[in-house]
Amino acid sequence: MIDILWAVQDKLGCIDGEAMSLIAEKTGTYRVEVEGVVSFYAFFSSVRKGKIVIRLCDDIVDRHAGVFAVAKSFENTLGIKLGETTPDHWFSLEYTPCIGMCDQAPAALVNDVVVTNLTPAKVKGIVRTLKKTRDPRALVTKTGDGNNGHRLIAAMVKNNIRHTGPVLFDKSPAEAGLKQALTLSPGGVLELVVDSRLRGRGGAGFPTGKKWRYAAAAQAALRYVICNADEGEPGTFKDRVLLTERAQLLIEGMTIAAYAVGAAEGILYLRAEYRYLKAYLEHILARRRSRGLLGDNIMGKAGFHFDIRIQMGAGAYICGEESSLISSCEGKRGEPKNRPPFPVQSGYLGLPTVVNNVETFCCVPPLIARGPKWFTSIGTPHSSGTKLLSVSGDCTRPGVYELPFGVSVQDVLDKAGAKDPAAVLIGGASGDMIGRPEFQRRICFEDLPTAGAITTFSSHRNVLEIANYYMDFFIDESCGYCTPCRVGNVFMKQGLEKIMQGLGEAGDLDYLRELGKTIIATSRCGLGHTSPNPILSSMKSFPLVYSALLNAHPNEFQAGFNIQSALDEARVIAKRRSLIYDVSYGDEE
Amino acid sequence: MRKKRVATVSLAGCFGCHMSLLDMDERILELLQDVEFDRSPLNDLKKFTRRCDLGIIEGGCCNEDNVHTLRDFRNNCDVLVAVGQCAIMGGLPVMRNAIMHSDDPLRECLEEAYCSSPRVYNPSNQIPNDPALPLLLDKVYTCVDVVKIDYQIPGCPPSGDVLWATLSALVRNEPIDLPYDMVKYD
Numbered sequence: 243m244i245d246i247l248w249a250v251q252d253k254l255g256c257i258d259g260e261a262m263s264l265i266a267e268k269t270g271t272y273r274v275e276v277e278g279v280v281s282f283y284a285f286f287s288s289v290r291k292g293k294i295v296i297r298l299c300d301d302i303v304d305r306h307a308g309v310f311a312v313a314k315s316f317e318n319t320l321g322i323k324l325g326e327t328t329p330d331h332w333f334s335l336e337y338t339p340c341i342g343m344c345d346q347a348p349a350a351l352v353n354d355v356v357v358t359n360l361t362p363a364k365v366k367g368i369v370r371t372l373k374k375t376r377d378p379r380a381l382v383t384k385t386g387d388g389n390n391g392h393r394l395i396a397a398m399v400k401n402n403i404r405h406t407g408p409v410l411f412d413k414s415p416a417e418a419g420l421k422q423a424l425t426l427s428p429g430g431v432l433e434l435v436v437d438s439r440l441r442g443r444g445g446a447g448f449p450t451g452k453k454w455r456y457a458a459a460a461q462a463a464l465r466y467v468i469c470n471a472d473e474g475e476p477g478t479f480k481d482r483v484l485l486t487e488r489a490q491l492l493i494e495g496m497t498i499a500a501y502a503v504g505a506a507e508g509i510l511y512l513r514a515e516y517r518y519l520k521a522y523l524e525h526i527l528a529r530r531r532s533r534g535l536l537g538d539n540i541m542g543k544a545g546f547h548f549d550i551r552i553q554m555g556a557g558a559y560i561c562g563e564e565s566s567l568i569s570s571c572e573g574k575r576g577e578p579k580n581r582p583p584f585p586v587q588s589g590y591l592g593l594p595t596v597v598n599n600v601e602t603f604c605c606v607p608p609l610i611a612r613g614p615k616w617f618t619s620i621g622t623p624h625s626s627g628t629k630l631l632s633v634s635g636d637c638t639r640p641g642v643y644e645l646p647f648g649v650s651v652q653d654v655l656d657k658a659g660a661k662d663p664a665a666v667l668i669g670g671a672s673g674d675m676i677g678r679p680e681f682q683r684r685i686c687f688e689d690l691p692t693a694g695a696i697t698t699f700s701s702h703r704n705v706l707e708i709a710n711y712y713m714d715f716f717i718d719e720s721c722g723y724c725t726p727c728r729v730g731n732v733f734m735k736q737g738l739e740k741i742m743q744g745l746g747e748a749g750d751l752d753y754l755r756e757l758g759k760t761i762i763a764t765s766r767c768g769l770g771h772t773s774p775n776p777i778l779s780s781m782k783s784f785p786l787v788y789s790a791l792l793n794a795h796p797n798e799f800q801a802g803f804n805i806q807s808a809l810d811e812a813r814v815i816a817k818r819r820s821l822i823y824d825v826s827y828g829d830e831e
Numbered sequence: 002m003r004k005k006r007v008a009t010v011s012l013a014g015c016f017g018c019h020m021s022l023l024d025m026d027e028r029i030l031e032l033l034q035d036v037e038f039d040r041s042p043l044n045d046l047k048k049f050t051r052r053c054d055l056g057i058i059e060g061g062c063c064n065e066d067n068v069h070t071l072r073d074f075r076n077n078c079d080v081l082v083a084v085g086q087c088a089i090m091g092g093l094p095v096m097r098n099a100i101m102h103s104d105d106p107l108r109e110c111l112e113e114a115y116c117s118s119p120r121v122y123n124p125s126n127q128i129p130n131d132p133a134l135p136l137l138l139d140k141v142y143t144c145v146d147v148v149k150i151d152y153q154i155p156g157c158p159p160s161g162d163v164l165w166a167t168l169s170a171l172v173r174n175e176p177i178d179l180p181y182d183m184v185k186y187d
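Line order of the protein sequences matches chains A and B. Start counting the first sequence at 243; every next residue gets the next number (our numbering). Start counting the second sequence at 2; every next residue gets the next number (our numbering).
Structure representation (structure tokens):
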């Protein structure tokens with residue numbers, strides 16, 4: 243379904259009512275189902291957009307790097323406001339959440355083409371080129387390093403690999419892991435993965451070996467291996483680099499997983515923002531097929547069949563959550579599913595499914611090739627191996643760093659050349675915000691778990707504004723299925739804004755804490771389980787910032803209620819003043 | 002021991018909660034052993050004569066007069082109790098807050114109510130605007146949006162029994178344990 247919708251969206255610039263009815267008719271479903279899917283994803287639109295859609299990345303890092311000025315410049319040059327389309331239907335301009343380019347912010351997507359390091363001055367040239375060539379690809383004059391220069395990617399994106407570690411950038415020969423795995427029985431491979439104590443790199447840190455064992459043990463005719471490349475967490479871009487530079491390793495890892503759990507089919511779920519990588523990944527898959535590394539009887543192993551298809555996402559943060567991702571692969575709205583049953587028992591199409599992060603799969607081949615002993619010798623007792631960190635924000639060397647688990651935040655900041663760091667967000671929007679006294683804490687599952695995003699903020703930044711930004715993000719990305727998340731996050735934001743306006747009281751902090759706890763306890767999926775974190779963790783790490791804004795209101799009126807603004811509308815309609823609250827009438831207020 | 006002074010008011014409500022208050026029937030005589038009423042529709046006193054121990058609020062705030070009265074109650078009562086759905090959550094009046102995706106929701110609401118709705122008979126096509134009418138707020142606010150509220154008694158209306166049990170415990174300063182069937186609302 244998503245593939246059909248992409249094709250229609252690309253062709254028509256929209257998926258209008260007529261198209262939806264036709265799609266429903268041809269696929270034997272109801273129009274409302276199609277409309278539900280279209281309205282869910284940010285990259286689908288029921289109204290016609292321009293042929294060239296400019297999506298500015300509105301991440302907090304981009305904001306600090308000046309995306310507002312860039313936006314203004316685009317507005318002036320194109321003569322339209324954000325969210326509008328030019329009358330000739332050539333250009334649309336809009337904001338989009340993090341596109342995974344925080345290390346080269348501000349960035350934008352022009353259709354599928356990524357444009358990085360924007361400045362207001364560059365905008366004129368960009369628009370001129372676009373108007374002349376009508377082809378976003380013309381914007382790429384100089385391609386980035388490594389595979390970004392590959393003819394099928396040809397992107398100006400830079401990898402910014404700052405530090406290579408022993409696992410992901412391991413120098414052992416290609417396919418060594420797969421070769422080794424195929425000499426073992428599937429059970430033997432499972433054994434190795436369990437012994438390595440490899441944990442999922444997507445953030446939750448579930449033991450990979452355990453997950454694979456469950457899937458292998460589930461009774462089913464068919465099993466699936468899905469790679470989660472829907473890297474939507476603001477501030478994360480490590481998978482982008484892995485997909486660009488280590489695609490072979492990733493597919494190798496997926497193939498080993500398929501062998502271990504007995505899966506015959508795999509899906510690579512690629513986020514819409516990384517569509518510029520799709521042609522290249524297809525090419526890698528095709529090459530592996532021709533070399534007998536995918537398809538039937540892989541590497542001559544009789545009876546081991548496995549192939550992978552790429553499923554495009556369409557712009558939804560929640561699809562990074564595994565059950566939502568599965569819904570999306572099934573062509574539905576990317577809403578989370580109830581669990582149990584867990585995906586390993588009943589996932590894609592009701593079949594046992596292993597969903598792992600890009601980085602997790604990339605860890606597998608070196609681990610098999612060199613053995614679990616080597617793997618556990620790196621990192622900490624409960625977090626073996628290395629972690630690929632995406633560092634961005636106020637630092638001189640933003641980029642990806644492969645460092646062993648257990649590295650301290652301070653070390654990372656030093657390596658990245660953080661400028662006057664005052665607050666660090668570990669793990670993106672849903673992670674923890676920590677202050678200077680906690681910079682000695684270590685990045686590992688025992689202490690500070692992260693999916694890889696490290697966003698640094700200097701002492702010039704407003705912690706509350708940052709927390710507020712992330713609340714906006716969650717309100718936007720909540721799928722709306724369950725009330726605690728849909729409504730609770732809005733209340734969290736209102737509570738925070740009240741404090742920011744200086745109207746807060748001591749009780750408001752308790753209220754936020756309580757509300758946050760309720761949202762975490764009662765939400766249906768990971769989004770709601772983590773969405774109060776920006777506020778809760780910043781309250782914990784920066785209590786004085788919050789308390790400095792509090793005021794006491796001795797008369798027991800609610801400071802958040804402003805009678806004057808509440809009356810403004812009625813004054814205009816009635817064309818008269820208030821007998822009670824307009825001072826000239828001499829009453830008490 | 003002096004009698005506790007109690008004030009009551011109905012803001013944007015339907016007086017149903019006050020009716021329910023009267024549903025405590027002859028027990029009100031018993032209550033009057035411990036309580037005297039100050040400002041209240043029950044005795045038609047329009048202003049506070051003295052500071053009160055307990056203020057009972059029915060209804061939320063839909064106009065400036067409601068806000069003024071409620072703040073007056075907050076200033077003159079030690080303990081405020083919001084009674085009934087309208088006071089606590091906005092009740093029926095709060096339905097107008099559903100007009101939220103408009104640039105001018107209040108005007109849209111008034112026009113629908115007085116002019117454009119098919120069942121309206123209003124030849125002059127005017128929206129009532131007598132200077133004596135208090136100005137409406139941009140939306141309906143619950144009591145707790147406007148002032149601090151100490152206790153809430155839910156129900157639409159809360160039954161006379163619930164009101165009796167809670168209020169009598171409150172004026173006597175006793176703990177209360179409401180039986181399940183008294184607070185079951187379906």
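Even glycine gets a Cβ: it sits at the ideal position worked out from N, Cα and C. Predicted model only: the values in this text are computed from it and were never measured.
Let me check understanding here. Comparing Cα to Cα, which of the options lies closest to residue i?
i: A:L420; options: A:V312, A:L609, A:G477, A:S532; result: A:L609
i: A:P428; options: A:A505, A:N353, A:A790, A:Y753; result: A:A505
i: A:G342; options: A:E719, A:G641, A:P796, A:V312; result: A:G641
i: A:E572; options: A:V276, A:L254, A:E267; result: A:V276
i: A:A363; options: A:G321, A:A397, A:A311; result: A:A311
i: B:E31; options: B:L138, B:L168, B:V147; result: B:L168
i: A:K268; options: A:L247, A:L591, A:P796, A:K661; result: A:L247
i: A:Q743; options: A:R441, A:T361, A:E707; result: A:E707
Which bits of chain B does residue i rub up against, with CB to CB less than 9 Å?
i: A:Y823; result: E65, V68, H69, L136
Taking 7 Å as the threshold (C-beta atoms), are residue j and residue i in contact?
i: B:C110; j: B:R97; result: yes
i: B:I100; j: B:Y115; result: no
i: A:V200; j: A:T698; result: As shown, chain A starts at 243 and ends at 831. That puts residue 200 of chain A outside it, with no answer to give.
i: A:S632; j: A:A544; result: no
i: B:D162; j: B:M183; result: yes
i: A:I560; j: A:C344; result: no
i: A:A347; j: A:D387; result: no
i: A:A462; j: A:L593; result: yes
i: A:F799; j: B:V68; result: no
i: A:T450; j: A:T638; result: no
At what residues does the alpha helix (DSSP H) containing residue i begin and finish?
i: A:K657; result: 651-658
i: A:V280; result: 273-282
i: A:S783; result: 775-783
i: A:E811; result: 805-816
i: A:Y711; result: 705-719
i: B:Q34; result: 28-35
i: A:E433; result: 428-438
Cβ of residue i versus every heavy atom of the ligand ADP: is any distance shorter than 6 Å?
i: A:T358; result: Questions concerning the ligand ADP fall outside what the structure shown contains, since it holds no ligand whatsoever.
Could you list which residues in chain A have their beta carbon closer than 8 Å to that of residue i, in chain order?
i: B:L107; result: E811, A812, I815
i: B:P94; result: Neighbours of B:P94 on chain A: none; closest Cβ ~14 Å, over 8 Å.
i: B:R40; result: Those do not exist, as B:R40 stays about 17 Å from chain A at its closest Cβ, beyond 8 Å.
Assuming residue i contacts residue j (C-beta within less than 8 Å), just tell me the rounded distance between them.
i: B:V82; j: B:L55; result: 7 Å
i: A:I741; j: A:G758; result: Not quite, the Cβ-Cβ distance comes to about 14 Å (not below 8 Å), so this is no contact.
i: B:D39; j: B:C53; result: 5 Å
i: A:I257; j: A:V250; result: 5 Å
In chain B, which residues lie with their C-beta within 7 Å of the C-beta of residue i?
i: A:S820; result: E65, L136
i: A:A808; result: L138, D139
Find the residues of chain B that neighbour residue i, judging by a C-beta separation of less than 8 Å, and give them in chain order.
i: A:Q213; result: With chain A covering 243 to 831 only, the question about residue 213 of chain A has no answer from this structure.
Could you tell me whether any Cβ in chain C is nearer than 7 Å to the Cβ of residue i?
i: A:F715; result: No chain C is present in this structure, whose protein chains are A and B.
Who are the neighbours of residue i on chain A, taking C-beta pairs under 7 Å?
i: B:Y188; result: Residue 188 of chain B is absent from the model: chain B starts at 2 and stops at 187.
At 9 Å on the CB atoms, spell out the chain A contacts of residue i, in chain order.
i: B:N188; result: With chain B covering 2 to 187 only, the question about residue 188 of chain B has no answer from this structure.
i: B:L111; result: I815
With residue i as the anchor, note down where its beta strand (DSSP E) starts and where it stops.
i: A:A500; result: Unbroken run through A:A500 is the alpha helix (DSSP H), 489-503; no beta strand (DSSP E).
i: B:C78; result: 78-84
i: A:A695; result: 695-700
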